[in-house]
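Visitor: From first to last, the protein sequence lines stand for chains A and B. So in my numbering, the last one in the first sequence is 249, and the numbering has no gaps at all. So in my numbering, the last one in the second sequence is 249, and the numbering has no gaps at all. One structure is given below, represented as structure tokens, and several questions about it will come after.
Protein chains: 2
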Amino acid sequence: MSRQRRPQTLYRRIHTDIENKIRSGEWAAGARIPVEHALMAQYGCARATVNKAVSALAAAGLIERHRRAGSFVAQPRIQSEVVEIPDIQAQTVRQGGQYGFRLLSRRMRNAAARRPEELALARGEPLLELRGLHIVNERPFALEERLISLAVVPEAGAADFHALPPGSWLLQHPILSKVWTDAEHRINAVNIEALAAGLLEISQGTACLAVERRTWRGEEQITYVRTIFRGDAYGLTARFKPDRG
Amino acid sequence: MSRQRRPQTLYRRIHTDIENKIRSGEWAAGARIPVEHALMAQYGCARATVNKAVSALAAAGLIERHRRAGSFVAQPRIQSEVVEIPDIQAQTVRQGGQYGFRLLSRRMRNAAARRPEELALARGEPLLELRGLHIVNERPFALEERLISLAVVPEAGAADFHALPPGSWLLQHPILSKVWTDAEHRINAVNIEALAAGLLEISQGTACLAVERRTWRGEEQITYVRTIFRGDAYGLTARFKPDRG
DNA sequence: AAGGATTTGTACGTATGTATT
DNA sequence: TAATACATACGTACAAATCCT
Numbered sequence: 005m006s007r008q009r010r011p012q013t014l015y016r017r018i019h020t021d022i023e024n025k026i027r028s029g030e031w032a033a034g035a036r037i038p039v040e041h042a043l044m045a046q047y048g049c050a051r052a053t054v055n056k057a058v059s060a061l062a063a064a065g066l067i068e069r070h071r072r073a074g075s076f077v078a079q080p081r082i083q084s085e086v087v088e089i090p091d092i093q094a095q096t097v098r099q100g101g102q103y104g105f106r107l108l109s110r111r112m113r114n115a116a117a118r119r120p121e122e123l124a125l126a127r128g129e130p131l132l133e134l135r136g137l138h139i140v141n142e143r144p145f146a147l148e149e150r151l152i153s154l155a156v157v158p159e160a161g162a163a164d165f166h167a168l169p170p171g172s173w174l175l176q177h178p179i180l181s182k183v184w185t186d187a188e189h190r191i192n193a194v195n196i197e198a199l200a201a202g203l204l205e206i207s208q209g210t211a212c213l214a215v216e217r218r219t220w221r222g223e224e225q226i227t228y229v230r231t232i233f234r235g236d237a238y239g240l241t242a243r244f245k246p247d248r249g
Numbered sequence: 005m006s007r008q009r010r011p012q013t014l015y016r017r018i019h020t021d022i023e024n025k026i027r028s029g030e031w032a033a034g035a036r037i038p039v040e041h042a043l044m045a046q047y048g049c050a051r052a053t054v055n056k057a058v059s060a061l062a063a064a065g066l067i068e069r070h071r072r073a074g075s076f077v078a079q080p081r082i083q084s085e086v087v088e089i090p091d092i093q094a095q096t097v098r099q100g101g102q103y104g105f106r107l108l109s110r111r112m113r114n115a116a117a118r119r120p121e122e123l124a125l126a127r128g129e130p131l132l133e134l135r136g137l138h139i140v141n142e143r144p145f146a147l148e149e150r151l152i153s154l155a156v157v158p159e160a161g162a163a164d165f166h167a168l169p170p171g172s173w174l175l176q177h178p179i180l181s182k183v184w185t186d187a188e189h190r191i192n193a194v195n196i197e198a199l200a201a202g203l204l205e206i207s208q209g210t211a212c213l214a215v216e217r218r219t220w221r222g223e224e225q226i227t228y229v230r231t232i233f234r235g236d237a238y239g240l241t242a243r244f245k246p247d248r249g
């Protein structure tokens, strides 16, 4: 054999060789990738090995494969990005900061018909409404409003949210951390109103990030959360590599 | 054989069976997944088939695999989300809207040492600075400031950005759409200042989403873009399913 | 500390099915 | 219809990592 050293596994080498050709632009979008038999010959390996490498690229969205037609470099799509929206408590503690949560209010009531986000959550059924303040290094950091459907998560009615913020409680709950099947985030900029400004100790009208999160289990909505981050102290960041599909 | 109809392929059936057990909570985080030989026996198939299904789950981050130790359900991580940050022009046209771009200014200059985002882009080397307005349905929609390193992308010096917004130009350029290897987004809320407010036709101080984007090719930074979206007209949305890893 | 057992990782070669041209 | 190229699956083999004795 001619190979003295194998820097990685064979299928991974094929994978990265092709990926590099695509990312460098040598193989442009729409270009045809050599057929599996050609790659077999080129690398002197079995077809299963080639197939594993190329199928992985297809699963990652870098190429498209069609029977009989062949494999082609996919069109790039810049739109899809990964944004980290961290758990505030975990993030703070990891960075050596002090974290606190102050429960501002907690009440049970029925969903109001005139507010669409509540109606979707529970058509007239009981809701748990929570409001609280995330505190980082003894300064207010974010304001959270949460609605939990008691029809779906009756256990929440008995939980003590003074010690643990509801987000962490939901995450740590052995069953509940897995009940959701779909989620949606909406990110907006808002001028903060007087009341919330007072709680966050910033001046009225300051631009803040509002992150809304909804979760579902199947067709049933479980929670609605709206978190308003102090605009001067928080931004979302994402680092990523080009994706295709 | 007992199977009359095969709803999908075998490895996909194994894949979804396991995924359902995890997502339903029947197999909690940390739980051990049956070893491959057990799954072989259970499904009456070869190890390669089991391996393909379980390896795909590992690649997707739902489970972790370790030689000799076994395969385990991964801890859920809520932090990682997918946010669509669409190309404004493509998005607008797809929805049947009218799109326009107005170039406000364009000049070449050297990077200023006192502005860190410029210095990282080109240490004293020439930059192309562009400012422009995205217009949707004849109303201003977003304000864009862009810096392009002419050392990395000399072709940009000759391009006509009156017809095509620079973002689309970069995307459509056959070579340039593939040169970047890394990118970063930063999303903040800002109170818009007077000058920009006038261009966007909103009142000064309105909360707007500011999306900063940096792209690199290896160690070299290629572009820095800051887009300020009219706060009342734009929000980011993401829909996703639980992820693990 | 050494060695055997277990479990996943990679790869081979073969076979057959399926979608598309 | 026939040929092509990918899709799935089988059974085998050996390697690598790790756990247990």
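Built from N, CA and C at the ideal position, the CB exists for glycine as well. Computed from a prediction, not measured in an experiment: that's the story for all the values here.
1) Does the beta-carbon distance from residue 145 (chain B) to residue 237 (chain B) come in below 8 Å?
2) When you compare only the Cα positions, how much space is there between residue 158 (chain B) and residue 130 (chain B)?
3) Identify which residue in A:227, A:213 and A:212 has its Cα closest to the Cα of residue 219 (chain A).
4) Helix, strand or coil: how does DSSP classify residue 241 (chain B) here?
5) Comparing alpha-carbon positions, which option in B:92, B:151 and B:196 lies nearest residue 207 (chain B)?
6) Could you check what DSSP says for residue 39 (chain A) in three-state terms: helix, strand or coil?
7) Can you give the Cα-Cα distance for residue 187 (chain B) and residue 217 (chain B), rounded to whole angstroms?
8) In chain B, which residues lie with their C-beta within 8 Å of the C-beta of residue 212 (chain A)?
9) Would you kindly work out how many angstroms separate the C-alpha atoms of residue 74 (chain B) and residue 22 (chain B), rounded to a whole number?
10) Answer with yes or no whether the minimum CB distance from residue 241 (chain A) to chain B is below 8 Å.
11) May I have the straight-line CA-CA distance separating residue 42 (chain B) from residue 48 (chain B), to the nearest angstrom?
12) What residue from A:50, A:162, A:34 and A:59 has the CA that sits closest to residue 20 (chain A)'s CA?
13) Would you mind reading off the limits of the alpha helix (DSSP H) that contains residue 202 (chain A)?
14) Check the Cβ-Cβ distances between residue 166 (chain B) and every residue of chain A, and say whether any is below 8 Å.
15) Under the three-state reduction of DSSP, which class applies to residue 236 (chain A): helix, strand or coil?
16) Considering only residues of the same chain and omitting the five flanking positions on each side of residue 151 (chain A), which have a CB-CB separation below 6 Å?
17) Closer than 7 Å by beta-carbon distance: list the chain A residues that pair up with residue 136 (chain B), in chain order.
18) For residue 240 (chain B) versus residue 191 (chain A), is the C-beta spacing smaller than 8 Å?
19) Which bits of chain B does residue 235 (chain A) rub up against, with CB to CB less than 7 Å?
20) Looking at the structure shown, is residue 119 (chain A) part of a helix, part of a strand, or coil, going by DSSP?
21) For residue 222 (chain B), does the count of other Cβ atoms within 10 angstroms reach 16, so buried, or fall short, so exposed?
22) Using DSSP with H/G/I as helix, E/B as strand and the rest coil, what is residue 66 (chain A)?
23) So that I know if they touch, is there some Cβ in chain A lying closer than 8 Å to that of residue 150 (chain B)?
24) Compare the C-alpha of residue 162 (chain A) against each of A:118, A:110, A:70 and A:135 and name the closest.
25) Is there a Cβ of chain A sitting closer than 8 Å to that of residue 111 (chain B), yes or no?
26) Secondary structure at residue 270 (chain B), three-state DSSP: helix, strand or coil?
27) Measure the alpha-carbon distance for residue 154 (chain B) versus residue 194 (chain A) and round it to whole angstroms.
28) Going by beta-carbon coordinates alone, are residue 168 (chain B) and residue 136 (chain B) separated by less than 8 Å?
29) Which two residues bound the contiguous beta strand (DSSP E) that contains residue 134 (chain B)?
30) In angstroms, rounded to a whole number, what distance separates the CA positions of residue 63 (chain B) and residue 37 (chain B)?
31) With DSSP collapsed to three states, give me the class of residue 30 (chain A).
32) Identify whether residue 173 (chain A) lies in helix, strand or coil by the three-state DSSP scheme.
33) Reducing DSSP to helix, strand and coil, say where residue 188 (chain B) ends up.
34) Find the nearest neighbour of residue 202 (chain A) within the set A:156, A:143, A:171 and A:172, judged by alpha-carbon distance.
35) Quick check on residue 213 (chain B): does DSSP put it in helix, strand or coil?
36) When you compare each of A:233, A:199, A:128 and A:27 to residue 67 (chain A) by their alpha carbons, which one comes out closest?
Guide: Inspection of the coordinates gives the following:
1) yes
2) 10 Å
3) A:227
4) strand
5) B:196
6) coil
7) 7 Å
8) 193 and 211
9) 15 Å
10) yes
11) 10 Å
12) A:59
13) 198-204
14) no
15) coil
16) 125, 131, 133 and 228
17) None at all; the shortest Cβ gap to chain A is about 18 Å.
18) yes
19) 193
20) coil
21) exposed
22) coil
23) no
24) A:110
25) no
26) The structure shown has nothing for residue 270 (chain B), since chain B only spans 5 to 249.
27) 37 Å
28) no
29) 130-140
30) 15 Å
31) coil
32) helix
33) strand
34) A:143
35) strand
36) A:27
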